[in-house]
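Residue numbering for the sequence shown follows UniProt numbering, starting at 1 and increasing by one per position. Idealized CB from N, CA, C, for every residue including glycine.
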Amino acid sequence: MSENRNPNIDPNATSSQQPIQEADYPEEELRKYNIVPRQAESCTATELHSHRRVAKVVKHKVKGGNGITQLPISDRIAITERSWTLRNWYRHLHWRNMLVTVFVPLLGFLLWLIVDIRPTLQTASFAFLHYVLTMLSVNILYHRYWCHRSFQIESPHFVKLLVLIASGAGITSARNWCSAHRAHHRHSDITDRDPHNVRRGFFFSHIGWIVLTFNPQVVEAIHAERLDKFTNDEAVQWQARNYLSLFVSSGLILPCLFCGWLYDDYLGGLLYAGFLKVFLVQQSVFLTNSLGHLIGSRPYNSSISARNNLVVNLLTLGEGNQNFHQEFPNDCRNGSNWLSWDPTRWCLSLLQSLGIVSHLRISSQSIIDKSRVQEQQRQLDNIRSSLYWGIPISRLPVYTPQQFRKLVSDSPGRFYVVVDGIIHDVTPFAKDHPGGIELMYAANGRDATTAFNGAVYQHSNAARNLLGTLRIGVLSGSEDIYWKQERIENKDVPLDSDLSGHAIVRSGSQATASNNIIGGVADAA
Numbered sequence: 001m002s003e004n005r006n007p008n009i010d011p012n013a014t015s016s017q018q019p020i021q022e023a024d025y026p027e028e029e030l031r032k033y034n035i036v037p038r039q040a041e042s043c044t045a046t047e048l049h050s051h052r053r054v055a056k057v058v059k060h061k062v063k064g065g066n067g068i069t070q071l072p073i074s075d076r077i078a079i080t081e082r083s084w085t086l087r088n089w090y091r092h093l094h095w096r097n098m099l100v101t102v103f104v105p106l107l108g109f110l111l112w113l114i115v116d117i118r119p120t121l122q123t124a125s126f127a128f129l130h131y132v133l134t135m136l137s138v139n140i141l142y143h144r145y146w147c148h149r150s151f152q153i154e155s156p157h158f159v160k161l162l163v164l165i166a167s168g169a170g171i172t173s174a175r176n177w178c179s180a181h182r183a184h185h186r187h188s189d190i191t192d193r194d195p196h197n198v199r200r201g202f203f204f205s206h207i208g209w210i211v212l213t214f215n216p217q218v219v220e221a222i223h224a225e226r227l228d229k230f231t232n233d234e235a236v237q238w239q240a241r242n243y244l245s246l247f248v249s250s251g252l253i254l255p256c257l258f259c260g261w262l263y264d265d266y267l268g269g270l271l272y273a274g275f276l277k278v279f280l281v282q283q284s285v286f287l288t289n290s291l292g293h294l295i296g297s298r299p300y301n302s303s304i305s306a307r308n309n310l311v312v313n314l315l316t317l318g319e320g321n322q323n324f325h326q327e328f329p330n331d332c333r334n335g336s337n338w339l340s341w342d343p344t345r346w347c348l349s350l351l352q353s354l355g356i357v358s359h360l361r362i363s364s365q366s367i368i369d370k371s372r373v374q375e376q377q378r379q380l381d382n383i384r385s386s387l388y389w390g391i392p393i394s395r396l397p398v399y400t401p402q403q404f405r406k407l408v409s410d411s412p413g414r415f416y417v418v419v420d421g422i423i424h425d426v427t428p429f430a431k432d433h434p435g436g437i438e439l440m441y442a443a444n445g446r447d448a449t450t451a452f453n454g455a456v457y458q459h460s461n462a463a464r465n466l467l468g469t470l471r472i473g474v475l476s477g478s479e480d481i482y483w484k485q486e487r488i489e490n491k492d493v494p495l496d497s498d499l500s501g502h503a504i505v506r507s508g509s510q511a512t513a514s515n516n517i518i519g520g521v522a523d524a525a
């Protein structure tokens, strides 16, 4: 018989009495989130110290070939944790990515300054078409297929075609970009592990993250995502091995030759359909990580930095609704509204009708609507809590009828009325009362509940809100009345049910929500 691993389970209990055993995850998976394995949690302090002592890496001094004592690699400080100096600045840069994302566009700009050639109408049209095809290839292949598996591609030849076109985007290979993007989704807004965390500023989240050396935590997070095999992994590995040659061929040489053969405009094809197209695709994709997390609406979840940005959505052909995408990453769409600008989704629908792709994943509209309603409820709760509704009833002093009469007799010139068991000082409003000051004199020191609720005048909702700001106490013997009012309007205790009695489930208050979040909670930027 196997040993019982859960100490909370009674081995003598029947199967019907046994609690459901908690899932056990591989230790290497738990280490990604700095979670102590359950076995270690049950250790005593002495045992835990013993484990750490055994597991502790012995640090040895290593002598190099020149006889100089060096620290082992595990003891060296990562370059990302060192200050920039004249001696180490080059180590802070990712030179391979710098070549593709900085030097290539810069070379195109310098070439444009030298030749100063304007594109023909045909070349400009092809450059625009090439931009659209490249962007769609990145969106379909890199993002929605390899990153999120939101559909299946039936033709391996179509995968190869997309690989060739997407390689000309200049955003690094799919293996690198998709692994970083998956790490971003898993560790979004967590500074040390999110590859392009917007909390580190616009420049870093836009392009700094790709041209600077990754910190060790990001390297670990990206490497963990690479362990999860990609679909059509052979194509991924082939592109990674040959990326630079594919980038130059697809991104620069082919558009140059195409425009030269058809329009006799080799140089225009190289400059505008090549270098300029690469630059625009790069910057548009990078904007999803920077502007898409800084400016825009958050209709589905305001606790994350991802936003829906119209400009980014237009430039990226449907990748700008980041707030929707962050909440529903496996959805093949980037918005549930039929008005949403999403040419990538339209292409997928066309490809599905042609039998090239299948099994498009679409999130349940009910789940989407719940997230939207919960976010609207969150915003309403925030607005409601910021308004002054009067002194909370629970903090009001309690008056006996005798004390209330004495208060009235000791305060000539002031007007005190009781409505629904709550005492109000309506003196500031008495002279402005639409019914005249005579009604105030008639109600002073009396219970005006019946008159207030329709016997004299059916007061508006605004009048009731105004009256709430004038209360000063509650009348003993009326607890059933005013405590009901307290439960309805208490701004610190949100309503649990709507007017029809249906439960209001707010974001973060679901039955499965827990305050003990692994890794902590990162507030949105």
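Of all alpha-carbon atoms in L111, Q239, H293, M135, the one lying nearest the alpha-carbon of S188 is that of H293. In terms of Cα proximity to L271, the closest of E154, G436, F109, V426 is F109. Distance from the CA of S155 to the CA of T85, rounded to the nearest whole angstrom, comes to 51 Å.
The straight-line gap separating the alpha-carbon atoms of T231 and W146 is approximately 7 Å. Distance between D264 and T101, taken at the CA atoms: about 28 Å. Comparing C-alpha distances from P397 to each of K229, G421, F415 shows the shortest one belongs to G421. At the C-beta level, F275 and P105 come within 8 Å of one another. When only Cα atoms are considered, S173 and Q374 end up about 38 Å apart. Taking all protein chains in view, the Cβ of L380 is surrounded by fewer than 16 other Cβ atoms within 10 Å, so the residue is classified as exposed. By the 16-neighbour rule on beta-carbons within 10 angstroms, V285 is buried. At a Cβ-Cβ threshold of 8 Å, T120 and G320 do not count as neighbours. Bounds of any alpha helix (DSSP H) do not take in Y388, whose DSSP letter is neither H nor E.
Contact between F214 and S290 is ruled out by a C-beta separation of about 17 Å, above the 8 Å threshold.
Within the model, the alpha-carbon separation for Y266 versus H185 is close to 41 Å. In the three-state reduction of the DSSP assignment, L317 falls in the coil class. Contact between A221 and K160 is absent: CB atoms are separated by about 29 Å, not below the 8 Å threshold.
Collapsing the DSSP output to three states places D425 in a strand. Bridge pairing for Y399: L475 [DSSP]. Judged by DSSP secondary structure, Y441 falls within the alpha helix (DSSP H) whose first and last residues are 437 to 443.
Per DSSP, the beta-bridge partners of N453 are Q458. The beta-carbon separation of G170 and V278, rounded to 4 Å, stays under the 8 Å limit for a contact. Here DSSP, grouped into helix, strand and coil, assigns D447 to strand. Excluding sequence positions up to five before and after S371, its CB lies within less than 7 Å of the CB of Y300, N301, E327, all in the same chain and listed in chain order. By the Cβ-count criterion, N382 is exposed, with fewer than 16 other Cβ atoms from all chains shown falling within 10 Å of its own Cβ. DSSP places Y416 in the uninterrupted beta strand (DSSP E) bounded by 416 to 419. A residue is called buried when at least 16 other Cβ atoms come within 10 angstroms of its Cβ; E225 meets this threshold and is buried.
Contiguous alpha helix (DSSP H) elements confined to the stretch 120 to 192 occur at 121 to 137, 156 to 167, 174 to 186, taking only those with 4 or more residues.
When Cβ pairs closer than 8 Å are counted between the two stretches, the stretch 410 to 429 is seen to touch the stretch 462 to 470, the count reaching three or more. S363 sits in coil when the DSSP states are folded into three classes, being neither helix nor strand. In the three-state reduction of the DSSP assignment, N308 falls in the strand class.
The stretch 351 to 367 and the stretch 392 to 406 do not touch, with fewer than three beta-carbon pairs separated by less than 8 Å. R175 and R333 have their alpha carbons spaced roughly 22 Å apart.
Inter-segment contact for the stretch 133 to 140 and the stretch 343 to 350 is present: three or more beta-carbon pairs are separated by less than 8 Å. Nearest C-alpha to H223 among V198, V211, H181: H181. Cβ-Cβ distances below 6 Å link T449 to V419, D420 in the same chain, with the five nearest sequence neighbours on each side left out; the list follows chain order.
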